[in-house]
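Visitor: The structure is given below, and queries will be raised subsequently.
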Amino acid sequence: MTWWQDAVVYQIYPRSFADSTGDGLGDLNGVRSRLPYLADLGVNALWLSPFYPSPMADGGYDVSDYCDVDPRFGTLADFDALLAESAARNIRIIVDLVPNHCSDQHPLFQEALTAGPGSPQRERFIFREGRGDAPPNNWVSMFGGPAWTRVEDGEWYLHLFDSSQPDWNWRHPATAPMFEGILRFWLDRGVAGIRVDVAHGLFKDPDLPELIGKHPNDAPSAYYHRPELAAHYRTWRAILDSYPADVFPGQRTAVGEFWGDLPEHVWPYLRQGGLPQLFNFPFLFTPWDPAKLRAIIDESLAASAPVPAAAPWVLGNHDVPRPVTRYGPDLATGTRRARAAALLVFALPGSAYLYQGEELGLPEVLDLPDSVRQDPTFRRTGGARPGRDGCRIPLPWSGTTPPFGFSEGPRSWLPQPADWVNLTVEAETADPASHLNLYRTALALRPSLDTGPFAWLDLGPDVLAFSRGADFVFAANFGTEPVALPDHRKVLLASGEISGSLPPDTSVWLQP
Ligand code: GLC
Numbered sequence: 397m398t399w400w401q402d403a404v405v406y407q408i409y410p411r412s413f414a415d416s417t418g419d420g421l422g423d424l425n426g427v428r429s430r431l432p433y434l435a436d437l438g439v440n441a442l443w444l445s446p447f448y449p450s451p452m453a454d455g456g457y458d459v460s461d462y463c464d465v466d467p468r469f470g471t472l473a474d475f476d477a478l479l480a481e482s483a484a485r486n487i488r489i490i491v492d493l494v495p496n497h498c499s500d501q502h503p504l505f506q507e508a509l510t511a512g513p514g515s516p517q518r519e520r521f522i523f524r525e526g527r528g529d530a531p532p533n534n535w536v537s538m539f540g541g542p543a544w545t546r547v548e549d550g551e552w553y554l555h556l557f558d559s560s561q562p563d564w565n566w567r568h569p570a571t572a573p574m575f576e577g578i579l580r581f582w583l584d585r586g587v588a589g590i591r592v593d594v595a596h597g598l599f600k601d602p603d604l605p606e607l608i609g610k611h612p613n614d615a616p617s618a619y620y621h622r623p624e625l626a627a628h629y630r631t632w633r634a635i636l637d638s639y640p641a642d643v644f645p646g647q648r649t650a651v652g653e654f655w656g657d658l659p660e661h662v663w664p665y666l667r668q669g670g671l672p673q674l675f676n677f678p679f680l681f682t683p684w685d686p687a688k689l690r691a692i693i694d695e696s697l698a699a700s701a702p703v704p705a706a707a708p709w710v711l712g713n714h715d716v717p718r719p720v721t722r723y724g725p726d727l728a729t730g731t732r733r734a735r736a737a738a739l740l741v742f743a744l745p746g747s748a749y750l751y752q753g754e755e756l757g758l759p760e761v762l763d764l765p766d767s768v769r770q771d772p773t774f775r776r777t778g779g780a781r782p783g784r785d786g787c788r789i790p791l792p793w794s795g796t797t798p799p800f801g802f803s804e805g806p807r808s809w810l811p812q813p814a815d816w817v818n819l820t821v822e823a824e825t826a827d828p829a830s831h832l833n834l835y836r837t838a839l840a841l842r843p844s845l846d847t848g849p850f851a852w853l854d855l856g857p858d859v860l861a862f863s864r865g866a867d868f869v870f871a872a873n874f875g876t877e878p879v880a881l882p883d884h885r886k887v888l889l890a891s892g893e894i895s896g897s898l899p900p901d902t903s904v905w906l907q908p
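Under this note's numbering, the first residue of the sequence shown carries the number 397, and numbering increases by one thereafter.
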């Protein structure tokens, strides 16, 4: 088994993890300073969201230089130090590659603007004439509004996201070699893999056809899930596999951010011999319902059967509402469910990703004042969609008032709720029953669990239960009444208090 097949990977959103300079913005040295915390938590790898030079119009997913570090986050030397210090703790680093689009400040886009219509420089992006004063077609941006912006000379360029994020032309002969160079740049530095942003994007139907009928979101379309992706990712796979697997950090991986409106839009990528892994978003979006969870777990295990663990379980990331709030309906219930879900994720066969703050049980912050919101979605939809700032609030580390040890400066780039005083790492470390201590115990126990064959156990319609080999049983109660615990020799861990029976919204690890 290769390391990524059972790894627990911790996602760091660098702006919001830890600030070492006092400017209110997290940075790479902040991550370095918290490596003891991450090692103690028991994670095997870190995925770093973008830290590259960027105007930060989309939190760094608008990259203006793919092979450097934004001065606000540090330097390449800081990155190398982070890599070395992580390796010393047996923690691998995964970086984020953003191939669908760049920033409008990227030198090649600036050159394309200057060079004007008809120039070879414009071919690197998707520039077109409009239809009179209207854009070239009716595509809309994922963040709201049209997917086209007009430049001074009258041409329009395509951006599936913010107008500051022009899409690359993946049919241009220089695009693939450029990204292969970027991939090698980070692999040569020693990263264990990459996370591929908008992995289902990149290639567009060259005719840029008008969309007819209901606008698909993440379904196969003229701009998503194009057939060219299969061969493209096989090329990247060959590059990953060209790095030696027998020394640290081991076989290189890539995990694709493939969104689909239906699960069957994403499973085919598992059979194409391309990117080794993809996030299990169908699982993430399954509601708190035992039958639905059982069905999606079955589907996931079947889809990833050819390469076990190719679809890591995931409960959250920097784009989706936090699990405590999502599982709701109120914070207390949502928190109980999120704890039960964490034990589920860490007991299932394969790898799991967790997003910073999930281990603290942070809720989504829903009441941010409009004036501090930064996600372009908020602006582009005129406030109709609040955007993703609520899951990107800087982490509370210690103390009793904001910024809760996140920064030595007076404030963090997004304000933290004052009532997070009981959710700091410091406070939760002191509370044996905290979310954090549940995560720590689960991750400490996880390597010793029986990883034998997975089999469902039938304990009634309200209970999700399975065994792994002869020595491990998982059970979760989704009903409203306590249920009897399955026969067992030992309770290894429970997500809440149990006393002879399993209460509602609680899960347990047992030795049968
Ligand atoms: C991905 C990122 C998201 C970003 C978008 C555009 O979905 O996860 O944060 O806004 O791509 O790059």
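Note that beta-carbon positions come from the ideal geometry of N, C-alpha and C, so glycine has one too.
Values in this document were obtained by computation on a predicted structure and should not be read as measured data.
(1) Please identify the residue among Asn818, Ala829, Pro849, Pro806 whose C-alpha is closest to the C-alpha of alanine 743.
(2) Taking the continuous alpha helix (DSSP H) assigned at glycine 730, which residues delimit it?
(3) According to DSSP, is leucine 421 helix, strand or coil?
(4) Thinking C-alpha only, which one of Leu881, Ser891, Val710, Phe802 is nearest arginine 430?
(5) To the nearest angstrom, how far is it from the Cα of aspartate 461 to the Cα of histidine 502?
(6) Can you tell me whether leucine 607 is helix, strand or coil according to DSSP?
(7) Identify every residue that forms a DSSP beta bridge with phenylalanine 850.
(8) Between which two residues does the beta strand (DSSP E) carrying aspartate 492 extend?
(9) Return the CA-CA distance between serine 515 and tryptophan 535, expressed in angstroms with no decimal places.
(10) Identify, in the order they occur along the chain, each residue of the same chain with its Cβ nearer than 7 Å to the Cβ of alanine 511, setting aside the five sequence neighbours on each side.
(11) For the ligand GLC, any of its heavy atoms closer than 7 Å to the Cβ of glutamate 653?
(12) Would you report the Cα separation of glutamine 673 and aspartate 529, rounded to the nearest angstrom?
(13) Is DSSP giving threonine 721 helix, strand or coil here?
(14) Only counting the same chain, and skipping five residues up and downstream in sequence, which positions put a Cβ closer than 7 Å to that of tryptophan 816?
(15) May I ask you to check if the CB of glycine 455 is nearer than 7 Å to at least one heavy atom of the ligand GLC?
(16) When you compare only the Cα positions, how much space is there between glutamate 525 and aspartate 549?
(17) Using the C-alpha atoms, what's the distance from tyrosine 409 back to alanine 736?
(18) Does the Cβ-Cβ distance between alanine 880 and valine 869 come in under 8 Å?
(19) Which ranges would you report for the alpha helix (DSSP H) in the stretch 809-856 if only whole runs of at least 4 residues count?
(20) Is DSSP giving glycine 805 helix, strand or coil here?
(21) Taking one C-beta from the stretch 488-496 and one from the stretch 440-454 each time, how about it: are there three or more such pairs within less than 8 Å?
(22) With a threshold of 16 other CB atoms inside 10 Å of the CB of leucine 366, please say whether the residue is buried or exposed.
(23) Taking only heavy atoms of the ligand GLC into account, decide whether any of them is closer than 7 Å to the Cβ of valine 594.
(24) Would you say the beta carbon of phenylalanine 557 is closer than 7 Å to some non-hydrogen atom of the ligand GLC?
(25) Count the other CB atoms, across all protein chains shown, that sit within 10 Å of the CB of proline 806; report buried if there are 16 or more and exposed otherwise.
(26) Does any heavy atom of the ligand GLC sit closer than 7 Å to the C-beta of histidine 661?
(27) So if DSSP puts tryptophan 443 in a beta bridge, which residue, or which two residues, is it bridged to?
(28) Starting from serine 903 and walking both ways along the beta strand (DSSP E), at which residues does that stretch end?
(29) Output yes or no for whether 8 Å exceeds the beta carbon distance between glutamine 647 and threonine 398.
(30) Can you tell me where the alpha helix (DSSP H) with isoleucine 635 in it begins and where it stops?
(31) Report buried or exposed for aspartate 423, applying the criterion of at least 16 other Cβ atoms within 10 angstroms of its Cβ.
(32) Which runs of the alpha helix (DSSP H), 4 residues or longer, sit entirely within the stretch 546-601?
(33) What's the gap between the Cα of arginine 567 and the Cα of arginine 546?
(34) Should the stretch 738-753 be regarded as contacting the stretch 768-782, the criterion being three or more beta carbon pairs within less than 8 Å?
(35) Buried or exposed: which applies to proline 542, given that a residue is buried once 16 or more other Cβ atoms fall within 10 Å of its Cβ?
(36) According to DSSP, simplified to helix, strand and coil, what is phenylalanine 870?
Guide: Taking the structure as given:
(1) With respect to the C-alpha of alanine 743, the residue from Asn818, Ala829, Pro849, Pro806 having the closest C-alpha is Pro849.
(2) 727-743
(3) coil
(4) Of Leu881, Ser891, Val710, Phe802, the residue nearest in Cα terms is Phe802.
(5) 6 Å
(6) coil
(7) Arg864
(8) 488-493
(9) Approximately 24 Å between the Cα atoms of the pair.
(10) Gln517, Arg518
(11) yes
(12) 43 Å
(13) helix
(14) Result list for tryptophan 816: Pro792, Phe800, in chain order.
(15) yes
(16) Roughly 10 Å separates the two Cα atoms.
(17) It is roughly 24 Å from the alpha-carbon of alanine 736 to the alpha-carbon of tyrosine 409.
(18) no
(19) 821-826, 831-841
(20) coil
(21) With the rule of 3 Cβ pairs closer than 8 Å, the stretch 488-496 counts as touching the stretch 440-454.
(22) Examination of residue 366 is not possible in this model, given that the chain is present from 397 through 908 alone.
(23) Yes, since a heavy atom of the ligand GLC falls inside the 7 Å radius drawn around the Cβ of valine 594.
(24) yes
(25) exposed
(26) no
(27) Gln407, Ile490
(28) 902-907
(29) Result yes, Cβ atoms of glutamine 647 and threonine 398 sit closer than 8 Å.
(30) 624-637
(31) buried
(32) 571-585
(33) 22 Å
(34) no
(35) buried
(36) strand
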